[in-house]
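Written out below as structure tokens is the structure these notes cover.
In full-length UniProt numbering, the protein residues as written are 1 to 623.
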């Protein structure tokens, strides 16, 4: 296939509906972009294998269904597009897992020099309404006629995984080490050393969640203005210093103060990371990677448990407790990761060059693949640049987006059952007669099992391709275990260990729901705010869960466990099914209107509508 390069074109000026005689390149636009260096090698359209079927199928004006169900009226004469759709949510990893157990075959259309470029709104008569503005950081690499192969796309995706996602996951791992090591400290007489009661411990955990809750949205707004590549490392350095100061805890006041301050400066980290990763990945690619992202959450628990086994044995050295050394040493580790992050996180796919990284992470061609792939999947990602602050009016508009409220309610209620038993696991083991060493080692089985279940839920999501139904799995897993805690009279030490281990091994669906929220936001500004509001909902859930087990309800906690069973049943019978029905019905209503409109009517709507983000007729919700 010959390269397509017209003499004088830009994305905004390609107004003709017949591109068959065009040959397009944005070399001139790239070279003239402010602050961009001329590439040693010219940008190009890669060599592509196109079958007769593909050639015929995509030189057509017949409407086709987009991945989200939207009808796309593909223009005549555009360069060929992919014969096979991009892999569904769960993507390559889920399909690979299925092939291991003998389900499904590798699709030959997703390999080699076959075209990988997916149909999008940029191939329709309405393309001009979606074209990025010149201030978008990836504008210089945007090219609606650029085509790439599955082989090239796979290579670029692996590079992103290794150079961007891996380090972001290490950052999250370091954050979680400082966030979850308190439970390990309780196995080393932490409460007794500081003269803390169970009520003080609950209050400390509550303040920890309140710190997150208070800081989520402000942190997102700061990150949107400074850029995640600046704000995330800054956060890590600040909270690691505070975490290290726990070495000098002296009582109730200092314990409560550090709990709040650590979480306050960790607040917003997760939504910031999700927004940052959305610059590099499509919606389905992000979903599977967030699952691995939360695997690091369990790895942090696993690492802290192993570290605690050794570090807590330092009790008595210099007259200090083992938990003091644990807080200090693990904070130093986080501090080092934070400093390194200033040098390892680029601002975006098109801004990876720096004085210490003169060649950047990607070639110009690879930048074009990333930018065009992401925008073809979600054109709204170019609606703001990565250093653009949100106006107050926009913040309040996004906060009032009632179509996101079902997901916020899910965020409050879905995980309440996971907090009480997890929060008191090591303490309960110690009270049941196990030693400090044994209490920490006994937490390892449920962590390992949880990691396996996260992979399992990813495979299931590949089979059913549904978010609401898959996300019910966590509550379905917890329900029989809480019933067992209520029904079994006076469970012994090993019986309680067995039940709590199975309970805490639940398939964690938070990653799926985070991706679900991001996908349904419909715009960068709404994604920024909704990610924070969803995470605030999760922190509210944690505050409720942290206070369910009260001393007056000991030792069986029957009232608390009964309330948890009631909440789980509500989620399974009402909340998840109703959310699925709501989004599905909204999509059906919109498609009935959008599908009946002519091309001219669609263009007129996009030109004149005041609807934004997920309120537009061409937007479809995930469910």
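Where a beta carbon is used, it is the ideal one built from N, C-alpha and C, also for glycine.
- Under the three-state reduction of DSSP, residue 149 is assigned to strand.
- Counting along the chain, the unbroken alpha helix (DSSP H) around residue 301 starts and ends at 283-311.
- A check of alpha carbon separations from residue 192 across 119, 288 and 427 identifies 427 as the nearest.
- Straight-line measurement puts the Cα of residue 163 at about 14 Å from the Cα of residue 276.
- For residue 556, there is no enclosing alpha helix (DSSP H), as DSSP marks it with neither H nor E.
- In the three-state reduction of the DSSP assignment, residue 75 falls in the coil class, being assigned neither a helical nor a strand state.
- Within 10 angstroms of the beta-carbon of residue 175 lie 16 or more other beta-carbons, which makes it buried.
- Taking C-beta separations shorter than 7 Å and ignoring five residues to either side along the sequence, the partners of residue 322 in its chain run 188, 311, 312, 313, 314 and 315, following chain order.
- With 16 or more other Cβ atoms from the protein chains shown falling within 10 Å of its own Cβ, residue 145 counts as buried.
- Going by DSSP, residue 323 is part of the alpha helix (DSSP H) stretching over 322-344.
- Straight-line spacing of the CA atoms in residue 357 and residue 297 works out to 30 Å.
- Annotation: residue 144 is outside any alpha helix (DSSP H) and is labelled neither H nor E by DSSP.
- For residue 354, the pairing in a beta bridge is given by DSSP as 357.
- Of all alpha-carbon atoms in 181, 399 and 439, the one lying nearest the alpha-carbon of residue 327 is that of 181.
- Apart from the 5 residues on each side of it in sequence, residue 419 sits with its Cβ closer than 7 Å to the Cβ of 542, 545 and 546 in its chain, given in chain order.
- Between residue 294 and residue 511, the gap from beta carbon to beta carbon is short of 9 Å.
- Listed as beta-bridge partners of residue 115 by DSSP are 149.
- Taking the Cα of residue 204 as reference, the smallest distance to any Cα among 228, 263, 233 and 232 is reached at 263.
- Closest in C-alpha terms to residue 509, from the list 190, 227 and 477, comes 477.
- When C-beta atoms of the stretch 376-388 are compared with those of the stretch 128-141, three or more pairs fall below 8 Å, so the two segments count as touching.
- An exposed status is given to residue 589, since fewer than 16 other beta-carbon atoms sit within 10 Å of its beta-carbon.
- Contact between residue 482 and residue 417 holds: CB atoms are separated by about 6 Å, below the 8 Å threshold.
- By the Cβ rule, the stretch 301-309 counts as touching the stretch 444-453, because three or more pairs are nearer than 8 Å.
- Leaving aside the five residues that flank residue 335 on each side, the residues in its chain whose CB is nearer than 8 Å to its CB run, in chain order, 236, 237, 240, 241 and 244.
- Residue 112 and residue 148 have their C-alpha atoms some 11 Å from each other.
- Residue 124 counts as buried, since no fewer than 16 other beta carbons sit within 10 angstroms of its beta carbon.
- Between residue 485 and residue 257, the alpha-carbon positions lie close to 34 Å from each other.
- Taking C-beta separations shorter than 6 Å and ignoring five residues to either side along the sequence, residue 438 has no partners in its chain.
- The residues 445 and 446, in chain order, have a CB closer than 6 Å to that of residue 501 in the same chain once the five nearest residues on each side in sequence are set aside.
- In chain order, 204, 207 and 208 place their CB closer than 7 Å to the CB of residue 259, counting only its own chain and leaving out the 5 sequence neighbours on each side.
- Measuring C-alpha to C-alpha distances from residue 250 to each of 195, 474, 178 and 234 identifies 195 as the nearest.
- Segment contact: the stretch 216-236 against the stretch 546-564, fewer than three CB-CB distances shorter than 8 Å; contact not assigned.
- For residue 194, the secondary structure class from DSSP, reduced to helix, strand or coil, is coil.
- Contact between residue 496 and residue 432 holds: their C-beta atoms lie close to 7 Å from each other, under 8 Å.
- In the three-state DSSP reduction, residue 618 falls in the coil class, being neither helix nor strand.
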